[in-house]
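Going down the list, the sequences are from chains P and E.
Taking the numbering used here, I'd label the letters of the first sequence as residues 2 to 255.
Taking the numbering used here, I'd label the letters of the second sequence as residues 2 to 255.
Here a beta-carbon is modelled for each residue, glycine too, at the ideal position from N, C-alpha and C.
All of these numbers come straight from a predicted model, not from anything done at the bench.
To start, the structure under review is shown below, and the notes come after it.
There are 2 protein chains.
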Amino acid sequence: MTRRSLATAVLAAAATAGTGAHAGPPPPARGKERIALLVYPGFTALDLFGPHNMLSGLLPEKLDLVARTPEPVTTDTGVKILPSATFADIAPGLDVLFVPGGTKGTLAAMQDDATRAFVARHGETARYVTSVCTGSLILGAAGLLRGYRATSHWVTREILPEFGAEPVEARVVVDRNRVTGAGVSAGLDLGLTLVGLLRDPGYAQRVQLVAEYDPHPPFDAGTPAKAPADVTADMRAMFAPFAAEARKVAQALK
Amino acid sequence: MTRRSLATAVLAAAATAGTGAHAGPPPPARGKERIALLVYPGFTALDLFGPHNMLSGLLPEKLDLVARTPEPVTTDTGVKILPSATFADIAPGLDVLFVPGGTKGTLAAMQDDATRAFVARHGETARYVTSVCTGSLILGAAGLLRGYRATSHWVTREILPEFGAEPVEARVVVDRNRVTGAGVSAGLDLGLTLVGLLRDPGYAQRVQLVAEYDPHPPFDAGTPAKAPADVTADMRAMFAPFAAEARKVAQALK
């Protein structure tokens, strides 16, 4: 992603749109953060675009979608997204390394040497090492969760001990510089948490207001404990084969 | 998007992953819905990927990202996304027509004849005509909100009367077959609302549990009323030029 495209990010675009450069306050100062969000075949788009939205509010110096190769990456629902960088383009010392989750594609990424090496290498030098959903399994596979408290999608949370991590049932878990989120939609909470850590609560509140992040889910079935028993039983059964396969992959990587 | 890529959507992928086709229950039945989500230069990715995630849970027959041309579409933060269809590919009688918002790009889309004509044409025959954020300005520009109650991002909600709509301060507004959401992150609530309307509450609860949609924002500044006064004043001032420009565009289209 270029400086130019970042300069058109939501906040600045709005501040400078249309009625002349002198109407309204000056656009906010550009940030100095360098951020890399991993994309890989089969990742879940919302895992990524929740954090991406909040982190874009920093107007960071770099906010890359980084993939192993420059070709379009296809998500688990068939959306094709172009990476802005490949592994070789990313310099060490990131402010944020982020890894989204998925299902089959995540298991493949865990077993891909180049992907694991990239995540391990940048995990050593990044200021914050972060994930949403089953992305924490990739952090674990790269050896980055040993001795850390962490979370994951409820389907895979109990697999984290295979990587030496202590599983925590929470929306977002911050343990030193490891920041992990629960399933899929937890990326919005994780992204806003990161904005607060990288800047300050006042800045995070501004980003929250721009995203109008005042959630009102029309149903209250967002966790296995809150959902009706039959809903939870159905989804547990549906994901049991995936959870078993994920555990097998984790054990084989030890 | 092909049948094949849909068959690998989250639910089905998880149900059939790894440990053999006979482990666990059969994957859920594929839906019959045909859904088109508009993408245009400068749209906001999270506006789209909230609804997209929830609607993907229907495993619909078609879930297209539709653009005027087949080239990659660049979001307001520089992400390049490949459309799966162009305007000519979409047959009438959609189950859901969805329009995301943005800032400058949304004003350009409102003024683009081909985009307005596409939205107006499918708005006449779609089962649900929907938007998130400033996407409702595009619905309005296409003449689809005349006489309807609707919402938008808080920055632009009071512009809706320019299109003959009655603005409502709510997360999601359902008026007959018009379903509009508030700013950016309201797409998750809108998407889940649509899943409930297209299927039933039990199905929507299953989709909510898979997305682990149990939001816990780390701050409580998601609306102008909830945010600290200085935060709201800052953001109102920052977006005032954009709101003024959006109103001018709306008036010029009358």
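CB contact check: residue i to chain P, cutoff 8 angstroms
i                : result
Ala24 (chain E)  : Here the model assigns Ala24 (chain E) a pLDDT of 42, short of 50, so the residue's position is not dependable and the matter cannot be decided.
Gln112 (chain E) : no
Ile36 (chain E)  : no
Lys81 (chain E)  : yes
Leu193 (chain E) : yes
Arg248 (chain E) : no
Thr152 (chain E) : no
Arg158 (chain E) : no
CB contact check: residue i to chain E, cutoff 8 angstroms
i                : result
Ala251 (chain P) : no
Tyr41 (chain P)  : no
Ser186 (chain P) : yes
Thr181 (chain P) : no
Lys255 (chain P) : no
Arg172 (chain P) : yes
Proximity winner among the options, relative to residue i (alpha-carbon distances)
i                : options                               : result
Thr260 (chain P) : P:Thr233, P:Ala118, P:Ala109          : The structure shown does not extend to residue 260 (chain P), since chain P spans only 2 to 255, so no value can be given for it.
Glu163 (chain E) : E:Gly43, E:Val40, E:Ala251            : E:Ala251
Arg147 (chain P) : P:Gly51, P:Arg31, P:Leu195, P:Asp176  : P:Asp176
Asp77 (chain P)  : P:Ala92, P:Thr87, P:Phe44             : P:Phe44
Ala142 (chain P) : P:Gly188, P:Ala247, P:His154          : P:Ala247
Tyr149 (chain P) : P:Pro101, P:Ser85, P:Glu167           : P:Glu167
Leu193 (chain E) : E:Leu210, E:Gly184, E:Arg179          : E:Leu210
Arg69 (chain E)  : E:Val120, E:Val156, E:Leu199          : E:Val120
Ile91 (chain P)  : P:Ala212, P:Ala228, P:Ala127          : P:Ala127
Ala89 (chain E)  : E:Pro101, E:Thr135, E:Pro71           : E:Pro71
Leu38 (chain E)  : E:Thr104, E:Gly32, E:Gln112, E:Thr116 : E:Thr116
Gly51 (chain E)  : E:Gly106, E:Glu34, E:Ser85, E:Gly102  : E:Gly102
Leu254 (chain P) : P:Gly144, P:Val185, P:Thr152          : P:Gly144
Thr107 (chain E) : E:Val80, E:Ser137, E:Leu83            : E:Ser137
Ala212 (chain P) : E:Ala151, E:Thr104, E:Glu125          : E:Thr104
Val196 (chain P) : P:Pro42, P:Asp48, P:Leu140, P:His53   : P:His53
Val100 (chain P) : P:Ile82, P:Val40, P:Pro61             : P:Val40
Pro93 (chain P)  : P:Gly124, P:Ala222, P:Pro218          : P:Gly124
Trp155 (chain E) : E:Gly184, E:Pro218, E:Leu47           : E:Gly184
Arg35 (chain P)  : P:Pro216, P:Leu161, P:Ala226, P:Leu66 : P:Leu66
Phe227 (chain E) : P:Pro219, P:Tyr214, P:Phe220          : Here the sequence assigns Lys to residue 227 (chain E), which means Phe is not the residue at that position. Nearest of P:Pro219, P:Tyr214, P:Phe220 to Lys227 (chain E), Cα basis: P:Tyr214.
Interface partners of residue i on chain P, CB under 9 angstroms
i                : result
His169 (chain E) : The amino acid occupying residue 169 (chain E) in the given sequence is Val; His does not appear at that position. Within chain P, no residue comes near Val169 (chain E); the closest Cβ sits about 13 angstroms away, beyond 9 angstroms.
Partners in chain E for residue i, counting only beta-carbon separations shorter than 9 angstroms
i                : result
Ala228 (chain P) : Gln206, Arg207, Gln209, Leu210
Thr107 (chain P) : Within chain E, no residue comes near Thr107 (chain P); the closest Cβ sits about 10 angstroms away, beyond 9 angstroms.
Whole-Å CB distance - residue i paired with residue j, under 8 angstroms assumed
i                : j                : result
Leu98 (chain E)  : Val130 (chain E) : 5 angstroms
Arg172 (chain E) : Gly182 (chain E) : 7 angstroms
Ala238 (chain P) : Pro229 (chain P) : That belief does not hold up - the Cβ atoms of Ala238 (chain P) and Pro229 (chain P) are roughly 14 angstroms apart, past 8 angstroms.
Residue i: contacting residues in chain E (beta-carbon distance under 7 angstroms)
i                : result
Asp235 (chain P) : Arg207
Amino acids of chain P, ordered along the chain, whose beta-carbon sits closer than 8 angstroms to that of residue i
i                : result
Val232 (chain E) : Gly203, Gln206, Arg207, Leu210
Thr224 (chain E) : Leu210, Glu213, Asp215
Interface partners of residue i on chain E, CB under 8 angstroms
i                : result
Asp190 (chain P) : Pro216, His217, Pro218, Pro219
Determine which residues of the region 196–222 of chain P have a Cβ less than 7 angstroms from any Cβ of chain E, and write them out in chain order.
-> Gly197, Pro202, Gly203, Ala205, Gln206, Arg207, Gln209, Leu210, Val211, Ala212, Glu213, Tyr214, Asp215, Pro216, His217, Pro218, Pro219, Phe220, Ala222
Identify each residue in the region 42–61 of chain P for which the Cβ-Cβ distance to at least one residue of chain B is less than 7 angstroms, and report them in chain order.
-> Among the protein chains in the structure shown, which are P and E, there is no chain B.
Contact set between the region 65–89 of chain E and chain P, restricted to residues whose Cβ is under 8 angstroms from the partner | Leu66, Pro73, Thr75, Asp77, Thr78, Gly79, Val80, Lys81, Ile82, Leu83, Ser85
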